[in-house]
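Student: Encoded as structure tokens, here's the structure I'll be asking about.
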Amino acid sequence: MSKQGVLLVNLGTPDSPSVKDVRRYLDEFLMDERVIDIPQLNRTLLVKGIIVPFRGPKSAKIYKKVWSEKGSPLLYYTKLMTDLLQAQLGEEYQVEMGMRYQNPSIQSALDKLKAADVKSIRVIPLFPQYASASTGSVHQKVMEIVSKWQAIPDISFLNSFHDEPGMIDVFAANALKYKPETFDHILFSFHGLPQRQLIKTDNSKSHCLQSADCCSALTDVNKFCYSAQCHHTARLLAAKLNIPKEKYTISFQSRLGKNPWVKPYTTEVIDELGKAGTKSLLVFSPAFVADCLETLYEITEEYGLEFKALGGERLQLVESLNDNPAWINVLEKLVKQ
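Here the sequence shown stands for residues 42 to 378, where the numbers follow my numbering.
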């Protein structure tokens, strides 16, 4: 009997923390037209002429800080998820993993599923909130590859799972061990995006960024808006943990360049909280299902030092979903739904 194929896709990681490998990763990542959505010539000059040459060595030093004997944390946890999901689904399924950028590639994962002659493929980009630069890019890459096959099996794509109750439960359970009620403030820090990419998903052309509270509710108008989905995830987590509205803030990290990105910026929120006398800060990063550079270094190290320099005493990261058995149950549900 033919198996059902499952493709888990995460963002990607360099093959090693060497400058050469980091530059190769950044080049592939940032040359994606959905990531830096500007004319190709401008993108090429910016990425290959400025960002990759100058950012490569700096990024390599940071990657070395999170690299371990197990390698890249993002790759390590994604591989664990894949193996655990395969064991849970059983022999009727074949689960493969691919990275949108670098290795193992989406192409190699799809080649394995094709060789197994699977009867269907369920594509699950491991990004809870939809963005053209992440989920949209994965969908496009898969379709480009599969469009060249002579026999194309049934294929289904997961768009987002920002409001998946099981995911919310796992993040909440991870937070409970730190006793959220004992912290002065809670921060939900999501990966940032340029504002122009939010505007592009507003088909009405009359809602996005037209008011200060345009993300205060998820509606038919903003259902594909990354920021609106992030706000929704944060509200669900706050409700699950009984965190009052005045005790938490939603922010966005990892800004690149000078153009306006989704606001408020995490670094500015931390600055304001520190100056206001906040001593303890619990930080969620619900845009990531696996701990990675952005959680293990950017939040824990960079923001942690920044917060303490402003008089803060404790910044605690709520770990991601990683290989939590309850999260594997959620993945199984996302495969079968």
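Note that CB positions come from ideal geometry on N, CA and C, so glycine has one too.
Report the option in LEU277, VAL159, GLU313, TRP368 whose CA atom is closest to the CA atom of ILE193.
Tutor: VAL159
Student: What does the Cβ neighbour count give for THR223, buried or exposed, with the cut at 16 atoms within 10 Å?
Tutor: exposed
Student: Taking only the alpha-carbon atoms, compute the straight-line gap between LYS105 and SER361 and give it to the nearest angstrom.
Tutor: 20 Å
Student: Does the contact criterion of 3 or more C-beta pairs under 8 Å hold for the stretch 188-203 versus the stretch 85-99?
Tutor: No: the two stretches stay apart, fewer than three of their Cβ pairs being nearer than 8 Å.
Student: Name the DSSP bridge partner or partners of GLN378?
Tutor: Its beta-bridge partners do not exist; DSSP assigns none.
Student: With a threshold of 16 other CB atoms inside 10 Å of the CB of LYS120, please say whether the residue is buried or exposed.
Tutor: buried
Student: Going by Cα to Cα distance, which pick from ARG276, SER268, THR54 is closest to ARG65?
Tutor: That would be THR54, whose Cα lies nearest to the Cα of ARG65.
Student: Which first and last residues belong to the alpha helix (DSSP H) in which SER100 is found?
Tutor: Per DSSP, SER100 is one residue of the alpha helix (DSSP H) stretching across 93-107.
Student: Comparing alpha-carbon positions, which option in SER268, GLU309, GLN236 lies nearest TRP302?
Tutor: GLN236
Student: Quick check on DSSP: helix, strand or coil for LEU71?
Tutor: helix
Student: When DSSP labels each residue in this structure, what does TRP190 get in the three-state scheme?
Tutor: coil
Student: Distance check for ALA157 and VAL47, CA to CA, integer angstroms please.
Tutor: 12 Å
Student: Tell me, please, whether the stretch 137-153 touches the stretch 54-63 by the rule of three or more beta-carbon pairs shorter than 8 Å.
Tutor: yes
Student: Tell me which residues share the same chain as PHE265 and place their Cβ nearer than 7 Å to its Cβ, disregarding the 5 neighbours each side in the sequence.
Tutor: TYR171, THR242
Student: Any idea if TRP190 is buried or exposed, counting beta-carbon neighbours within 10 angstroms, 16 or more meaning buried?
Tutor: exposed
Student: Taking the C-alpha atoms as reference points, what is the distance between VAL187 and GLU133?
Tutor: 22 Å
Student: Looking only at its own chain, which residues have a Cβ that is under 7 Å from the Cβ of PHE70, when we skip the five neighbours before and after it?
Tutor: GLY53, VAL76, TYR142
Student: Nearest-angstrom Cα distance between THR336 and GLN378?
Tutor: 29 Å
Student: In chain order, what residues of the same chain lie with their CB nearer than 6 Å to the CB of LEU334, ignoring the 5 residues before and after it?
Tutor: Correct list, in chain order: VAL107.
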